[in-house]
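For reference, the structure discussed in these notes is given below.
Residue numbers (this note's numbering): 74 to 444.
What follows is the structure, given as structure tokens:
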């Protein structure tokens, strides 16, 4: 994927990025990261960015869909890079070689910014370059990553920009990460213009979460719990009472509460509330519905009650969410020691320093982001 350079603005030095391709990388993530750079140059009318694709030996690398990409250069060729982004995909633990680690460590010693897309953060973690950094990776690898690299501060966010590290999960999440980076470099107007050119209706921010399928975390053994959650998700506008939910799946109210406490580490009513609030957040961000209409659509009998619950959970009122006003980013001073299932499924809005594989900040667990 060779980039044809344009003439640089005489007073501006373009930023140069190197995309390191791991075997079985996902092509959609690579394209989502590069295309915003191309469009930034096009809309600006000058070269803001230039980029190169790289592999260890300069030979073609096969993507997860079978297509081969011939890189621009081998890693052994010295390039004046400002940033290196590792492009991962299927089986990152098998794709990362010792030479990858050594090269990435050398880039870090040269004070180059480092990033990743899809599962590329596995390579950075193997190289010891993500210890203490907030990090995103595709949800399928979250549990394995947590076990393999406990010093990495994992999050379910679509992407994370933490100091000189920028990591994105799979699919189109790299597009959002790059749009945010471009916005920081050259202003939100350019970032918004790129989004419009790609017919991308909303640039997602760091607060947006991956949606982790509940089945992925619980497995298929907890059929009653999965059925109850499905009922909740299907009845957000008119919430079903807990006694009625229990009757639907032929368990007692007490058994229902035990299921949620044991596997989701919260009460059924708390889980239900968060599903409704998460739906409300989506409507506020993605539709022109009024706050009153959103409250009604999510099962709240009054707007004041809705606003109170929303503020308590998301740390901002619905009006600020609608206006796109960012809330301060909260980081904890220590990682909470919990069993993996608790970290995976805690529905409390704990800090991103705790791995909350399935929505630490309340995103629902019923839909997945494709890799």
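Beta carbons: idealized from backbone N, C-alpha and C, even for Gly.
So what does DSSP say about residue i, is it helix, strand or coil?
i: residue 372; result: coil
i: residue 310; result: coil
i: residue 382; result: helix
i: residue 333; result: helix
i: residue 178; result: helix
i: residue 208; result: strand
i: residue 408; result: Because residue 408 sits at a pLDDT of 31, beneath the cut-off of 50, its placement in the model cannot be relied upon, and the following sentence gives the value as read from the coordinates. In the structure shown, residue 408 sits in coil (DSSP, three-state: anything other than H, G, I, E or B).
i: residue 214; result: helix
Can you list, in chain order, the residues of its chain with a C-beta nearer than 8 Å to that of residue i? Leave out the 5 residues immediately preceding and following it.
i: residue 379; result: 353, 364, 367, 368, 371, 373 and 391
i: residue 311; result: 372
i: residue 113; result: 121, 122, 255, 259, 263 and 267
For the alpha helix (DSSP H) that residue i lies in, which residues bound it at each end?
i: residue 195; result: 194–199
i: residue 296; result: 296–307
i: residue 250; result: 246–259
i: residue 362; result: First-last for residue 362: undefined, no H or E at that position.
Let's see if you can read the secondary structure: which residues bound the beta strand (DSSP E) around residue i?
i: residue 88; result: 88–94
i: residue 122; result: 122–128
Whose CA, out of the options, lies closest to the CA of residue i?
i: residue 325; options: 310, 298 and 305; result: 298
i: residue 228; options: 211, 350, 257 and 306; result: 211
i: residue 254; options: 236, 269 and 271; result: 236
i: residue 243; options: 214, 361 and 166; result: 214
i: residue 199; options: 183, 180 and 170; result: 170
i: residue 128; options: 135, 116 and 146; result: 146
i: residue 295; options: 252, 340, 329 and 309; result: 329
i: residue 356; options: 130, 396 and 180; result: 396
Going by beta carbon distance, what residues of the same chain come within less than 6 Å of residue i, once the five residues before and after it are set aside?
i: residue 133; result: 141 and 143
i: residue 137; result: 97, 99, 162 and 163
i: residue 86; result: none
Beta-carbon separation of residue i and residue j under 8 Å?
i: residue 232; j: residue 241; result: yes
i: residue 157; j: residue 91; result: yes
i: residue 209; j: residue 230; result: yes
i: residue 305; j: residue 345; result: yes
i: residue 193; j: residue 159; result: yes
Between which residues of its own chain and residue i is the CB-CB distance below 7 Å, once the five residues before and five after are set aside?
i: residue 153; result: 89
i: residue 155; result: 88, 89, 90, 185 and 186
Please determine whether the Cβ atom of residue i lies at a distance below 7 Å from any heavy atom of the ligand MN.
i: residue 209; result: Of ligands this structure carries none, so the ligand MN is not represented either.
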